[in-house]
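K.L.:
Residue numbers (the numbering used here), protein chains in the order written: chain U, 1 to 270; chain B, 1001 to 1313; chain V, 2001 to 2314.
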């Protein structure tokens, strides 16, 4: 943008810069959600680095364990005990941390995006800018949602490799409740849903803390209901079909939540 | 063209009406002063004009018939809300950057130059600035968008007298340079008196008075005369407000022109905008006929756009 | 407010009675109504669930114990279905103090600062120190009572699972902190951490994150380091309580039985085998020690919070 050098004729407006720049929203999202983005990146990097480093060690330990013959010998039994305690605790810790992440996102990522604007009154500034409230909301939710989903997808694929030895030693199947949500594509879908649910409750409730609490409870209830009940009613029963089915309805749910959020924004009036 | 036009617009919250039956038309190029006590509906009216509030009844359009809150309206209208909401944790430079990214038109160099002139550090977080500085930043952000219509909700309340002068000077200069129209609400009518072209007076959610300042001042005057004759005389003219003492009475009257003859024993004085506003605010709807704004948009005939009066008799 | 009917004599200061704590209780309630109601409602809802499921679980347990033939379904019902539910609720109980503290602590003072309303609250007659102290104590006590009662109910719910093949005891870390007075104490600590960070950081979400991280730190410290050193352990060269099987750590409960003590260390000097262990009977002393240092820490954080309030230039 340059300083206007010629007096502007009333009614014609100064030179329009061009079509609405969506890249502008990248900077805006970055600056407004900087804390969240930095935390997510930090957690992602830690998760990847941790799983790679420890995963290599765990795979090595497992290789040593499986190479130990005969299996009933004292030395091999000792190896087995160590693997199922020390290594297992680490592996389990990673599993729990991974599964906790979407829960925390439901709480911290989604609600503040809109609830803060409304609660602090800054929406009176940002929603009267040229871009308009709907475009601003859609751009933000898309950018943040995509980032979180991609990060989650990468982490869950890496986890699949990381956790592989324990599937055998802990006698788990891909369908076990303990691991189904952390592997495949379902993890990314749950992450996206957590975020969308948070954004929706934030816009609905309009106050940050109640929105965080509701989002947390809502996500928790949905996750528990799915794990213990809904999954039994799927029309499919093997790993990949179930993953895709669950991923499918979660994506539809996320889409509905985003649509509902945008609708609430559009109709928001003070 | 009228930059803001309303027809019977009203907004209800729960059971009570914040604004009701408001019809007005602000011509392009004017500085419209929106005055009234707290809770009169000024913010409600402004929020409707910028698309933050949806009317419960009636219509409001901007910039010659555009829908409020539409992309075209958002492009050309800049709004400074009450208490100058800025992002407290963002620096001033960040706020500039934000505005540049969210608008198709933003004069960054001008904004930066103005803020530097005002001595506002760009690196400082907005929340750490004084109230007056925050108001200046908010105004700069709005003006730098080069809007055709600038709407300011009580921008002067946190400014000291010097800062107010500076603020108004910037607004006036931009109006002259850019042909910008301004709607500005304030309690401090005395300061706006010299600069306002158009006046809107709201009281308890109702439109009390609206019109071009020139016309309003030309058609109202205070008649001072003997108290004994006041009642007799009051029946013959449109009295907005009557103040009686033991010996003297002051009648604020509305006439069709300033050349009506003054009855013997009476003196006529011009009325200030502030007196006029206060009188209409105090008057109940029975005592004086309201001046409803029957909007008659006449493109090209802006200057002499005048609200029709309805005499009670 | 009474109207002064007598003129005050110059030179005689009229001492005004101090604002009674009762009034501060009303102010606290009024300001944090939503928070208290929310927490109560949540705990009440879960309590109802615990009550209903708890009764069912007890009957399943009885069925399993008394089963003579074709016991597989009964075993599964209790050992698998019921246990999965209890395990999940156990995770909720582990997270609850952290989350309760994160949601209540930072909001207590941090919001006033952020919104600027402290300029009103702190210039009232009661003064900012007493206002802060009153809030911390009143809400801390309220949380302690609510969570204390709730954890009794959870302990009742979970009892059938102590003492079966799953092998948890009262001293298992994840069980220990959900019963007795520990659950209430951890919640109060979490609240104190939250209030402290709320006042220190003064931005709501960073304060909540800091609270969760700090709580996790203290919890891990207690779990992995401190609890072993509570002065209740017994060192003996003789036999340990019956039913004990040596396990490498309390974290692998499959080797334990319900009354099995917590073996801390075994070593050999010469021809004697020494064992250092904590018997289950020492549960309540352990609880008191843990609640003790948690509350001391909470009070210290409360004092630090008040100090921050005093110090803050408005």
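The beta-carbon is built from N, C-alpha and C at its ideal position, and this holds for glycine as well.
Treat the numbers as computed from the prediction; the structure is a model and nothing was measured.
Suppose you measure from the CA of residue 26 (chain U) to the CA of residue 136 (chain U); what does that come to, to the nearest Å?
P.N.:
The residue given as residue 26 (chain U) occupies position 26 in the first chain. The residue given as residue 136 (chain U) occupies position 136 in the first chain. Spanning the two alpha carbons is a distance of roughly 10 Å.
K.L.:
Whose Cβ in chain U lies nearer than 8 Å to the Cβ of residue 1004 (chain B)?
P.N.:
The sequence position of residue 1004 (chain B) within the second chain is 4, counting from 1. Taking the beta carbon of residue 1004 (chain B) as reference, no residue of chain U falls within 8 Å; the closest one sits roughly 15 Å away.
K.L.:
Using a Cβ-Cβ distance under 8 Å, would residue 122 (chain U) count as near chain B?
P.N.:
Translated into positions along the first chain, residue 122 (chain U) becomes position 122. Residue 122 (chain U) counts as touching chain B.
K.L.:
Taking the DSSP output, what are the residues bridged to residue 51 (chain U)?
P.N.:
Here residue 51 (chain U) is taken as the residue at index 51 of the first chain, counted from 1. Among the bridge pairs identified by DSSP, residue 51 (chain U) is matched with none.
K.L.:
By DSSP, does residue 130 (chain U) sit in helix, in strand, or in coil?
P.N.:
By 1-based counting over the first chain, the position of residue 130 (chain U) is 130. In this structure, residue 130 (chain U) counts as coil in the three-state DSSP scheme.
K.L.:
Going along chain B, which residues have a C-beta under 8 Å from residue 234 (chain U)?
P.N.:
The residue given as residue 234 (chain U) occupies position 234 in the first chain. Near residue 234 (chain U) there are no residues of chain B at all, since even the closest Cβ is about 43 Å away, more than 8 Å.
K.L.:
Could you have a look at residue 1001 (chain B) and say whether DSSP puts it in helix, strand or coil?
P.N.:
Counted from its first residue, the second chain places residue 1001 (chain B) at position 1. Looking at residue 1001 (chain B) - three-state DSSP - the assignment turns out to be coil, as it is neither helix nor strand.
K.L.:
Could you check whether the Cβ of residue 1025 (chain B) sits closer than 8 Å to any Cβ belonging to chain U?
P.N.:
Counted from its first residue, the second chain places residue 1025 (chain B) at position 25. Cβ-Cβ to chain U under 8 Å: no for residue 1025 (chain B).
K.L.:
Look at the alpha carbon of residue 2197 (chain V) and the alpha carbon of residue 1123 (chain B), and state the distance between them as a whole number of angstroms.
P.N.:
Taking the first residue of the third chain as 1, we reach residue 2197 (chain V) at position 197. Taking the first residue of the second chain as 1, we reach residue 1123 (chain B) at position 123. Cα to Cα, residue 2197 (chain V) sits roughly 26 Å from residue 1123 (chain B).
K.L.:
Residue 1084 (chain B) to residue 1023 (chain B), Cα distance in whole Å?
P.N.:
As a working mapping, residue 1084 (chain B) is identified with position 84 in the second chain. As a working mapping, residue 1023 (chain B) is identified with position 23 in the second chain. Using only the alpha carbons, I get a separation of about 27 Å.
K.L.:
At the level of alpha carbons, what is the spacing between residue 244 (chain U) and residue 2034 (chain V)?
P.N.:
Here the question's residue 244 (chain U) lines up with position 244 in the first chain. Here the question's residue 2034 (chain V) lines up with position 34 in the third chain. Residue 244 (chain U) and residue 2034 (chain V): Cα-Cα distance of roughly 41 Å.
K.L.:
Specify, as a first and last residue, the run of the beta strand (DSSP E) that residue 2120 (chain V) falls within.
P.N.:
Mapped onto the third chain, residue 2120 (chain V) falls at position 120. Premise fails: residue 2120 (chain V) lies in the alpha helix (DSSP H), 2118–2121, not in any beta strand (DSSP E).
K.L.:
Measure the beta-carbon distance from residue 1216 (chain B) to residue 1199 (chain B) and round it to whole angstroms, keeping in mind my assumption that it falls under 8 Å.
P.N.:
Counting from 1 along the second chain, the entry for residue 1216 (chain B) is found at position 216. Counting from 1 along the second chain, the entry for residue 1199 (chain B) is found at position 199. About 6 Å separates the two Cβ atoms, so the contact holds.
K.L.:
Would you mind telling me which residues of chain C sit closer than 9 Å to residue 131 (chain U), beta carbon to beta carbon, in chain order?
P.N.:
The structure shown contains no chain C; the protein chains it does contain are U, B and V.
K.L.:
Note down, in chain order, every chain U residue with its Cβ under 7 Å from the Cβ of residue 2204 (chain V).
P.N.:
As a position in the third chain, residue 2204 (chain V) is number 204, starting the count at 1. Within 7 Å Cβ-Cβ: 208.
K.L.:
Return the chain-ordered ranges of every alpha helix (DSSP H) run that is complete within the segment 2038–2110 of chain V and spans a minimum of 4 residues.
P.N.:
If we require 4 residues or more, the alpha helix (DSSP H) runs fully inside the segment 2038–2110 of chain V come out as 2072–2076.
K.L.:
Can you grab the Cα-Cα spacing for the pair residue 2244 (chain V) / residue 2169 (chain V), in whole Å?
P.N.:
Looking up residue 2244 (chain V) in the third chain gives position 244. Looking up residue 2169 (chain V) in the third chain gives position 169. Here residue 2244 (chain V) scores only 45 on pLDDT, less than 50, and its place in the model should not be relied on; the value that follows carries that caveat. Those two C-alpha atoms are separated by around 12 Å.
K.L.:
Could you tell me if residue 1314 (chain B) is buried or exposed, where buried requires 16 or more neighbouring beta carbons within 10 angstroms of its beta carbon?
P.N.:
Past the boundaries of the shown model lies residue 1314 (chain B); chain B is included only from 1001 to 1313, so the question cannot be answered.
K.L.:
Based on the DSSP output, what are the partners of residue 98 (chain U) in its beta bridges?
P.N.:
Working through the first chain from its first residue, we reach residue 98 (chain U) at position 98. In the DSSP output, where bridge partners are listed per residue, residue 98 (chain U) has none listed.
K.L.:
So that I know if they touch, is there some Cβ in chain V lying closer than 8 Å to that of residue 26 (chain U)?
P.N.:
The sequence position of residue 26 (chain U) within the first chain is 26, counting from 1. Residue 26 (chain U) does not count as touching chain V.
K.L.:
Do residue 2153 (chain V) and residue 2050 (chain V) have their CB atoms nearer than 8 Å?
P.N.:
Locating residue 2153 (chain V) in the third chain gives position 153, counting from the first residue. Locating residue 2050 (chain V) in the third chain gives position 50, counting from the first residue. In this structure, residue 2050 (chain V) lies closer than 8 Å to residue 2153 (chain V) by Cβ.
K.L.:
Measure the alpha-carbon distance for residue 1119 (chain B) versus residue 1125 (chain B) and round it to whole angstroms.
P.N.:
If you number the second chain from 1, residue 1119 (chain B) lands on position 119. If you number the second chain from 1, residue 1125 (chain B) lands on position 125. The alpha-carbon atoms of residue 1119 (chain B) and residue 1125 (chain B) are separated by roughly 14 Å.
K.L.:
With H, G and I counted as helix, E and B as strand and the rest as coil, what does DSSP make of residue 2309 (chain V)?
P.N.:
Locating residue 2309 (chain V) in the third chain gives position 309, where the first residue counts as 1. In the structure shown, residue 2309 (chain V) sits in a helix (DSSP, three-state: H, G or I).
K.L.:
Report yes or no: do the segment 98–114 of chain U and the segment 212–220 of chain U share at least 3 C-beta pairs separated by less than 8 Å?
P.N.:
Judged by Cβ distances under 8 Å, the segment 98–114 of chain U makes contact with the segment 212–220 of chain U, as three or more pairs qualify.
K.L.:
Quick check: the Cα distance between residue 2228 (chain V) and residue 2264 (chain V), rounded to an integer number of angstroms?
P.N.:
On the third chain, position 228 is the one that residue 2228 (chain V) refers to. On the third chain, position 264 is the one that residue 2264 (chain V) refers to. A straight line joining the alpha-carbon of residue 2228 (chain V) with that of residue 2264 (chain V) spans about 7 Å.
K.L.:
Under 8 Å: do the segment 48–63 of chain U and the segment 158–176 of chain U share three or more Cβ pairs, one atom per stretch?
P.N.:
Counting Cβ pairs under 8 Å, three or more are found: they touch.
K.L.:
If you reduce the DSSP assignment to three classes, tell me which class residue 181 (chain U) lands in.
P.N.:
As a working note, residue 181 (chain U) is residue 181 in the first chain. Correct three-state label for residue 181 (chain U): coil.
K.L.:
If we define contact as Cβ-Cβ less than 8 Å, is residue 2245 (chain V) a contact residue for chain U?
P.N.:
Within the third chain, residue 2245 (chain V) is the residue found at index 245, counting from 1. Because the pLDDT at residue 2245 (chain V) is just 42, under 50, the model does not fix this residue reliably, and the point stays unresolved.
K.L.:
What residues in the segment 101–117 of chain U have a beta carbon less than 7 Å from any beta carbon of chain V?
P.N.:
Among the residues of the segment 101–117 of chain U, those with a Cβ less than 7 Å away from any Cβ of chain V are 108 and 112, in the order of the chain.
K.L.:
Counting along the chain, where does the beta strand (DSSP E) carrying residue 2146 (chain V) start and finish?
P.N.:
The residue you call residue 2146 (chain V) lines up with position 146 of the third chain. First-last for residue 2146 (chain V): 2128–2158, but that is the alpha helix (DSSP H), not the beta strand (DSSP E).
K.L.:
Per DSSP, residue 1269 (chain B) is paired with what?
P.N.:
Locating residue 1269 (chain B) in the second chain gives position 269, where the first residue counts as 1. Residue 1269 (chain B) is bridged to B:1222.
K.L.:
Does any residue of chain U have a CB that is nearer than 8 Å to the CB of residue 2150 (chain V)?
P.N.:
For this step, residue 2150 (chain V) is matched to residue 150 along the third chain. With 8 Å as the cut-off, residue 2150 (chain V) does not count as an interface residue toward chain U.
K.L.:
I need the boundaries of the beta strand (DSSP E) containing residue 1350 (chain B), first residue and last residue.
P.N.:
Residue 1350 (chain B) lies beyond the residue range present for chain B, which begins at 1001 and ends at 1313; the question has no answer from this structure.
K.L.:
Determine, using beta carbons only, whether residue 1202 (chain B) and residue 1280 (chain B) come nearer to each other than 8 Å.
P.N.:
For this step, residue 1202 (chain B) is matched to residue 202 along the second chain. For this step, residue 1280 (chain B) is matched to residue 280 along the second chain. Cβ atoms of residue 1202 (chain B) and residue 1280 (chain B): not closer than 8 Å.
K.L.:
Leaving out five residues on either side along the sequence, give the residues of the same chain with a beta carbon under 8 Å from the beta carbon of residue 2275 (chain V).
P.N.:
Position 275 of the third chain, counted from the first residue, corresponds to residue 2275 (chain V). Closer than 8 Å at the Cβ level, and outside the excluded window around residue 2275 (chain V), lie 2235, 2236, 2237, 2240, 2263, 2265 and 2266.
K.L.:
Using CA coordinates, which residue listed in V:2223, V:2184 and V:2202 is at the minimum distance from residue 2100 (chain V)?
P.N.:
Indexing the third chain from 1 puts residue 2100 (chain V) at position 100. Nearest C-alpha to residue 2100 (chain V): V:2184.
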